[in-house]
Amino acid sequence: MDQPQKMIIVSAPSGAGKTTIVRHLLDAHLNLEFSVSATSRLIRPGEIDGREYHFITADSFRQKIDEGKLLEWQEVYPGSYYGTLVSEVSRIHENQHYPIFDVDVVGGLNIKKMYGDQALALFIQPPSYEILEGRLRARATENEASIKKRLEKVRWELEFASKFDVIIINDNLNTAFQDAEKAVRTFLK
Numbered sequence: 127m128d129q130p131q132k133m134i135i136v137s138a139p140s141g142a143g144k145t146t147i148v149r150h151l152l153d154a155h156l157n158l159e160f161s162v163s164a165t166s167r168l169i170r171p172g173e174i175d176g177r178e179y180h181f182i183t184a185d186s187f188r189q190k191i192d193e194g195k196l197l198e199w200q201e202v203y204p205g206s207y208y209g210t211l212v213s214e215v216s217r218i219h220e221n222q223h224y225p226i227f228d229v230d231v232v233g234g235l236n237i238k239k240m241y242g243d244q245a246l247a248l249f250i251q252p253p254s255y256e257i258l259e260g261r262l263r264a265r266a267t268e269n270e271a272s273i274k275k276r277l278e279k280v281r282w283e284l285e286f287a288s289k290f291d292v293i294i295i296n297d298n299l300n301t302a303f304q305d306a307e308k309a310v311r312t313f314l315k
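Position in the sequence shown (from 1) plus 126 gives the number in our numbering.
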């Protein structure tokens, strides 16, 4: 059985609009299927295990690392792991779809490094640091200390934008949707 080998990686700092753009791409009839990442972070209100993330304990996550059951992983914040389960990518390929990854910057670059030209890596860039800070605060899902940690990481993550295949500046959501969809359609031809 021939399986689609190409995959789409979407990475961005927190609050840049990555998840919104991924949802648009999933609705754009591109034969994409969302790769649900695993995380050890706490579930947020409205999230469902297996939909936004596979929520597992930090101990279980470390065990999966030791057993080689993760394609890529990062300890994004101390004790807070994120990664891609090998079984998730296999499931998507078995469904004859192209995986689309909504992953952090380091995870995205790691997947790109592994798959090279078979992976299209999109970086979603906020129009400015200040706008990104406003988006994070508007979420109202985290305390001030957590927001400050995220903002410190944002500055660092923005330095990696040039390592991605395509940079989408999310200053207008409809334009960002169009730019992302065009890049993916061209890549999958």
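Note that CB positions come from ideal geometry on N, CA and C, so glycine has one too.
Between which two residues does the beta strand (DSSP E) carrying residue i extend?
i      : result
ARG228 : The amino acid occupying residue 228 in the given sequence is Asp; Arg does not appear at that position. Taken as a continuous stretch (DSSP letters only), the beta strand (DSSP E) holding ASP228 covers 224-229.
At what residues does the alpha helix (DSSP H) containing residue i begin and finish?
i      : result
LEU246 : LEU246 -> not in any alpha helix (DSSP H); beta strand (DSSP E) instead, spanning 245-251.
GLU259 : 255-265
ILE293 : Looking at the DSSP string, ILE293 is not in any alpha helix (DSSP H); the run it does join, the beta strand (DSSP E), is 292-295.
GLU283 : 270-284
ALA184 : 184-192
ILE169 : Where ILE169 is concerned, there is no enclosing alpha helix (DSSP H), given that its DSSP letter is neither H nor E.
HIS150 : 144-152
Tell me, which residues are paired with residue i by DSSP?
i      : result
SER161 : PHE227
GLN200 : TYR208
ASP305 : Answer is none; ASP305 lacks a bridge partner.
VAL136 : ASP228 and LEU248
TYR179 : SER163 and ASP175
Taking 6 Å as the limit between beta carbons, can you name the residues of its chain near residue i, skipping five residues before and five after?
i      : result
PRO139 : VAL280 and GLU283
GLY141 : LEU258, ARG261 and LEU262
GLY143 : ILE250 and ASN296
PHE187 : SER166 and TYR207
ALA309 : VAL292
Are the beta-carbon atoms belonging to residue i and residue j less than 9 Å from one another?
i      : j      : result
GLY172 : VAL162 : no
THR210 : ILE237 : yes
SER166 : TYR208 : yes
VAL292 : ILE226 : no
LEU196 : VAL212 : yes
PHE303 : HIS180 : no
LEU314 : LYS132 : yes
LYS274 : TYR203 : no
ARG311 : LEU156 : yes
GLU214 : ALA164 : yes
GLN200 : ASP230 : yes
Using only alpha-carbon positions, find the residue among the options that is nearest to residue i.
i      : options                           : result
THR145 : LYS315, PHE313, LEU299 and LEU314 : LEU299
VAL232 : SER288, LYS308 and GLN304         : SER288
ILE294 : ILE250, GLU256, VAL229 and PHE286 : ILE250
TYR255 : GLN222, ASN296, ASP228 and GLU270 : ASN296
HIS223 : ASN269, LEU158 and ALA164         : LEU158
PHE320 : PHE286, VAL148 and GLN189         : This structure does not reach residue 320, given that the chain is present from 127 up to 315, and the question cannot be answered.
ASP243 : GLU285, ILE191 and PHE290         : PHE290
Measuring from the CB of residue i, is there a heavy atom of the ligand HEM at a distance below 8 Å?
i      : result
ALA184 : As presented, the structure is devoid of all ligands, the ligand HEM included, so that no description of it is given.
Below 7 Å CB to CB, which residues in the same chain sit around residue i once its five sequence neighbours on both sides are set aside?
i      : result
ALA154 : GLU307
THR183 : SER166
Just to confirm my understanding: we take residue i, look at its own chain, exclude 5 residues before and 5 after, and list those with CB closer than 8 Å. What are they?
i      : result
ALA245 : LYS132, MET133, ILE134, ILE135, ILE237 and LYS238
GLN129 : For GLN129, the predicted model reports a pLDDT of 45, less than 50, meaning its position is unreliable and no value from the coordinates is stated.
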